[in-house]
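S.K.:
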Amino acid sequence: MTDTKKLIQLLYSISDTIVENAQFLTDLDAAIGDSDHGINLARGFKKVETELPALEDKTIDAVLKKTGMVLVSTVGGASGPLYGTAFMKAGAVVKGKSEIDINDFLAIMDAAIGGVQLRGKAVEGEKTMLDAMIPANNAMKKAFDDGKDVHSVLQAGVEAADKGVEYTKSIIATKGRASYLGERSIGHQDPGATSFTILLKTIANAY
Amino acid sequence: MTDTKKLIQLLYSISDTIVENAQFLTDLDAAIGDSDHGINLARGFKKVETELPALEDKTIDAVLKKTGMVLVSTVGGASGPLYGTAFMKAGAVVKGKSEIDINDFLAIMDAAIGGVQLRGKAVEGEKTMLDAMIPANNAMKKAFDDGKDVHSVLQAGVEAADKGVEYTKSIIATKGRASYLGERSIGHQDPGATSFTILLKTIANAY
Amino acid sequence: MKKIINAVDQVENQMIEGLVKAYPEYVYRVEGSDVLARAHKKEGKVALVSGGGSGHEPAHAGYVGTGMLDAAVPGAVFTSPTPDQVYEAIQAVATEEGVLLVIKNYTGDVMNFEMAADMARDEGIKVDQVIVGDDVAVDGSLYTVGRRGIAGTVFVHKIAGAKAEAGASLEEVKAVAEKVIANVRSMSMAIKPCTVPAAGTPGFELADDEMEIGIGIHGEPGTHKEKLQEADQIVDQLLDKILADLDYTGSDVAVMINGCGGTPLMELFIVNNHVSDVLKEKNINVYRTFVGEYMTSIEMEGFSISLLKLDDEMKALLDATADTPAFKVL
Amino acid sequence: MKKIINAVDQVENQMIEGLVKAYPEYVYRVEGSDVLARAHKKEGKVALVSGGGSGHEPAHAGYVGTGMLDAAVPGAVFTSPTPDQVYEAIQAVATEEGVLLVIKNYTGDVMNFEMAADMARDEGIKVDQVIVGDDVAVDGSLYTVGRRGIAGTVFVHKIAGAKAEAGASLEEVKAVAEKVIANVRSMSMAIKPCTVPAAGTPGFELADDEMEIGIGIHGEPGTHKEKLQEADQIVDQLLDKILADLDYTGSDVAVMINGCGGTPLMELFIVNNHVSDVLKEKNINVYRTFVGEYMTSIEMEGFSISLLKLDDEMKALLDATADTPAFKVL
Ligand SMILES: Nc1ncnc2c1ncn2[C@@H]1O[C@H](COP(=O)(O)OP(=O)(O)O)[C@@H](O)[C@H]1O
Ligand SMILES: Nc1ncnc2c1ncn2[C@@H]1O[C@H](COP(=O)(O)OP(=O)(O)O)[C@@H](O)[C@H]1O
Ligand SMILES: [Mg+2]
Ligand SMILES: [Mg+2]
Ligand SMILES: [Mg+2]
Ligand SMILES: [Mg+2]
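Chains as they are written, first to last, in the working numbering: chain A, 342 to 548; chain B, 342 to 548; chain C, 52 to 381; chain D, 52 to 381.
#1: Restricting to Cα atoms, I'd like to know which of T515/A, H492/A, D531/A is closest to K504/A.
#2: Please say whether N309/C and Y345/C have beta carbons closer to each other than 8 Å?
#3: Compute every distance between the C-beta of D370/A and the non-hydrogen atoms of ligand 1, then say whether any falls below 7 Å.
#4: Quick check: does the Cβ of Y77/D come within less than 7 Å of any heavy atom belonging to ligand 1?
#5: Classify T553/A as helix, strand or coil using the three-state DSSP reduction.
#6: In the DSSP assignment, the beta strand (DSSP E) including A213/D goes from what residue to what residue?
#7: Once DSSP output is grouped into helix, strand and coil, what is the label at I308/C?
#8: Does the segment 310-327 of chain D come close enough to the segment 279-291 of chain D that 3 or more CB-CB pairs lie under 8 Å?
#9: So is M317/C in contact with chain D if we call contact Cβ pairs under 8 Å?
#10: With DSSP collapsed to three states, give me the class of I79/D.
#11: For a contact defined as C-beta to C-beta under 8 Å, what are the partners of V322/C on chain D?
#12: Leaving out five residues on either side along the sequence, give the residues of the same chain with a beta carbon under 6 Å from the beta carbon of A501/A.
#13: Consider the Cβ of G200/D: report whether some Cβ of chain G lies at a distance smaller than 8 Å.
#14: For the beta strand (DSSP E) containing V115/D, name the first residue and the last one.
#15: L459/B: buried (16+ other C-beta within 10 angstroms of its C-beta) or exposed?
#16: Any residues in the segment 225-237 of chain D with a beta carbon nearer than 9 Å to a beta carbon of chain B? Which ones, in chain order?
#17: Please check if any C-beta of chain D sits within less than 8 Å of the C-beta of A431/B.
#18: Just the chain C side, please: which residues come within less than 8 Å of K243/D by C-beta, in chain order?
#19: Quick one: is the Cβ of G461/B within less than 7 Å of any heavy atom of ligand 4?
#20: Please name the residue or residues paired with H111/C in a DSSP beta bridge.
#21: Starting from P557/A, find everything on chain C with Cβ-Cβ shorter than 8 Å and list it in chain order.
#22: Quick check on A58/D: buried or exposed, where buried means 16 or more other Cβ atoms within 10 Å of its Cβ?
#23: H107/D: beta carbon under 7 Å from a heavy atom of ligand 4?
#24: Given the structure, does R518/A come close to ligand 3, in the sense that its CB is under 7 Å from one of the ligand's heavy atoms?
#25: Any C-beta of chain A within less than 8 Å: which residues of the segment 267-298 of chain C qualify?
#26: Enumerate in chain order the residues of its own chain whose CB-to-CB distance from P244/C is below 8 Å, with the five nearest sequence positions on each side excluded.
#27: Using a 10 Å radius around the Cβ and a threshold of 16 neighbouring Cβ atoms, would you call V464/B buried or exposed?
#28: Give me the subset of the segment 90-121 of chain D whose CB atoms are less than 9 Å from a CB atom of chain B, sorted by chain position.
#29: Can you name, in chain order, every residue of its own chain whose Cβ lies under 8 Å from the Cβ of T340/D, other than the five neighbours on each side?
#30: In angstroms with no decimal places, state the Cα-to-Cα distance between G104/C and K516/B.
#31: CB G118/D to CB G203/D, shorter than 8 Å?
#32: Does the beta-carbon of G374/B, which I'm using as the reference point, lie nearer than 7 Å to any heavy atom of ligand 4?
#33: With 8 Å as the C-beta to C-beta threshold (strictly closer), list the residues of the segment 374-391 of chain A near chain C in chain order.
#34: Which partner residues of G353/C appear in the DSSP bridge assignment?
#35: Step through the CB atoms of chain C and report whether any lies within less than 8 Å of the CB of S536/A.
#36: To the nearest angstrom, report how far apart G175/D and D135/D are at their CA atoms.
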């Protein structure tokens, strides 16, 4: 499914999409946070881009780890350690591999979610990126178990993530900065859930 | 022409008119000064009002002096010492009188102008209150010399003061705060010349 | 967005440079980082490190110097600094006696500082931390992420800083910091929002007759909007919340009337006039008052009130000499 | 007009009260007046009195204390105080050694202070005065009223204050004040106007892409409007005017980057970054820098740059201890 070359291409695409959506994500964060989510991620992925050329000969896990480290050291805020750890943990489960398949990708998703939960100590339903990540992961696993092809598996994930984002509108935030707003956070979609969905869409579009 | 009772009535009227025109005068000051001329004079004349009941048995000069002192100690800014000194000097030339005529009034005007010039060291044509005071005084003297009655003398003064205010629009300020604006002060009428004209009109309307 | 800046992406860097160029006798910039450390590293004492997003000036770099912080780590505007930056700060000022991190309670700040602390501990550096949550506007119950840290944090810097300067151990410095945290409460409001330079639009909007109550320090909306009231009524509302949360009756307190960045001092003094009257009436004794800009949100117009209940130790430490660019006690 | 105040006509009074309640260790309000005098009257030294309209906070009351002013006289907002108030101040702090009035060059200020000086002299008090005119934005030629006094005035307070505190005679204190006046130049700009509470509307209007150059400190319009530029270009423009007016080459200077009240410190540091670079390039040595709010115009957004050319005497006096609410040197 994916070798290092393809992964690097994917990361360029992800960076482009995040940069394109930076204002949108920041505006979402303005409503229930502090107007920086898109700015933060764009800063991080732009820096990731500059590191990619040097990674062409590396294994998948090295690229993922490096991406995670760059995100941790450039994004800041809550999403920096969260996305950064997610990528680093993702790397750890595909150690030494120079090509991965859809099975590996599902392991990567598990590890990434584990990383986010390790750092952020949140569960589903708290209006965070997890509300897109967990349902997406579940839907992809189900589609895979149902014998769907890579394209369909990823599409199932995107659909579930989109629903997850919709769902975040209906709930009160109890983790992160939006939690300070209490009831006032209702009606707004979570920026982190949105950025994850954008990221997953970019991946899905490539298969 | 005027006894203490009438003078006190006049001062009430002047106070009312200044208070009514406070916003207008302040707006004029906003354009070429610091947005306070009307506020300053209103504060002063309101305070003068509170002193008037106690002055009913006093001579003309005592009323004028007290008015001047109250203005000096409540108005502040440039116009406080200027108007204050004008009233105090005016008092000095009608010492001991309990009634004054138009002749006295012309002496009062001379003294008031002298007081303003003593403090402010300005001459005509510098875009100050003097550009209304001096022409008004000259016009009143001429009308008086021409044998006009009190009403006509005062009306002549008002007309000349109005023209003086118009004239201030055409010149650059070289004294007071408006002088910092240089060329930019052209096109705006001087607040102090305007407040003097309002004061003189109030007097003229009473005769 | 109308600001006196150059390129938006140079805001943080040029601000750091401008600060270091203004106060070289107090701070230097740690080579290749955004960290501002005390000009003359002081050995033989616990080092204090604090930080958070930029946009809170003079916090945190303005408090680096004698009797307060040893290093400040500014992140991007309103974004907590990354672990590597915090780690740089720890490394620059760490002593044998250890390092205390003063963290404001935000998910991002806590995660980034804790990751840095882990890195430092791996290198054998003694590191401990306190987390400040003084904002009574938000629910501090078990089911939330806890209260935010706002202007009351400056009291932690001052008092723990004085304790460290006096040569106390890491445990003692941490203990007095925890005591300040346990005894300080704050609450904020705003009449005008601020704009993150890179975002370009304000974090919330207010009509001409509206105010936002219970705001944080990151330009984010507060707990609710209300019709703008007179200063005294606003003070009553904020003080009510603060006094309901902690019993200050009969105690000596330190008061901080903190401007959010765009508020004229004129208004802060008018606020203090009523704060002082209400406290007197409630038999709370004002020991010392600080009126000014201590923990800002760029150009936001608004203020916070912080009340710190003092004991003798805290009083002595509050009164101890401090010499930093933005906080001085003689 | 959106402000955190109570009744408009209580602004000045409640501000004075709020300040005195915040800093009773520094100032008291002279009974029945608006004068703020040093908490403990100091005999055996020349007394310094300054003042002007309110709205410039922390000037002037924030500079009352050890090593600066002995009394401050605030008038109504942007309106110079009346002679009787200035006279009250003189009376409250006058010593055998005499009183020096530090007046900013405005027609109103000069007239009111001079009338008060006359009253005091009639009572046998020794009074002298200096008039500060540091603003290079306005023509200082013989045919004008001379230059306005703006933020550079704070250097006069600091340096003459230190001289007085050290026990110098009235002549000596006046001489050093005159020396500061001869060696200090300033210039200001704004991106947003301010509103006098009692007036209710701003003193000028600016479009979203406009700035006002050469403003004074009373919310009045400046010498001209321009398209808003980047911070560095604005700095270049103001510095050009200042440096063309006095030759600073090769000298040591004190720099003040003064915020107008609503300007975030973030922007002032960005300004200082470039000021510092330009001075270095021009072989002018920055001896000491002050970045903050020293002479404001309520909530105006903008800044001024002041440069003071120093000799050894002024350096020593600038570095001398000062302990006031808003200006401290340890
Ligand atoms: N404890 C947490 N667990 C998982 N995700 C979280 C947590 N806290 C915050 N987030 C996510 O981070 C996003 C905000 O990221 P960002 O704006 O970059 O950081 P900050 O809140 O520090 O400004 C939220 O929308 C949310 O999805
Ligand atoms: N030197 C002077 N001589 C005469 N009138 C003057 C002088 N300076 C100022 N004025 C008058 O004072 C008016 C401004 O008064 P005001 O706004 O109350 O004081 P300030 O300028 O101190 O704010 C001007 O419009 C002008 O008419
Ligand atoms: Mg955010
Ligand atoms: Mg005026
Ligand atoms: Mg943030
Ligand atoms: Mg005025």
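Glycine included, each C-beta is placed from N, C-alpha and C at the ideal position.
M.R.: In short:
#1: D531/A
#2: The Cβ atoms of Y345/C and N309/C lie closer than 8 Å to each other.
#3: yes
#4: no
#5: Residue 553/A lies beyond the range of chain A shown here (342 to 548); nothing can be said about it.
#6: That residue, A213/D, is in no beta strand (DSSP E); its alpha helix (DSSP H) goes 204-216.
#7: I308/C falls in the strand class under three-state DSSP.
#8: yes
#9: yes
#10: The sequence given here has Tyr at residue 79/D, not Ile. Y79/D falls in the strand class under three-state DSSP.
#11: I55, G69
#12: P476, A477, A480
#13: Looking for chain G here will not work: the only protein chains present are A, B, C and D.
#14: Counting along the chain, V115/D falls outside any beta strand (DSSP E), and DSSP gives it neither H nor E.
#15: exposed
#16: none
#17: no
#18: Result: K53.
#19: The closest heavy atom of ligand 4 lies 7 Å or more from the beta carbon of G461/B.
#20: DSSP output for H111/C lists no bridge partner at all.
#21: The requested residue 557/A does not occur in the structure, where chain A is confined to residues 342 to 548.
#22: exposed
#23: no
#24: yes
#25: Closer than 8 Å at the C-beta level to chain A, one finds these residues of the segment 267-298 of chain C: G267, H269, G270, E271, P272, T274, H275.
#26: Only residues of its own chain outside the window of five on either side were considered, and among them P253, G254, F255, E256, L257, E263, G270, M351 have a CB closer than 8 Å to the CB of P244/C, listed in chain order.
#27: V464/B counts as exposed, since fewer than 16 other beta carbons sit within 10 angstroms of its beta carbon.
#28: G104
#29: A305, V306, M307, I308, N323, S327
#30: 49 Å
#31: no
#32: yes
#33: Within the segment 374-391 of chain A, the residues whose Cβ lies closer than 8 Å to any Cβ of chain C are, in chain order, G374, D375, S376, D377, I380, N381, R384.
#34: A241/C
#35: no
#36: Distance between the alpha carbons of G175/D and D135/D: 16 Å.
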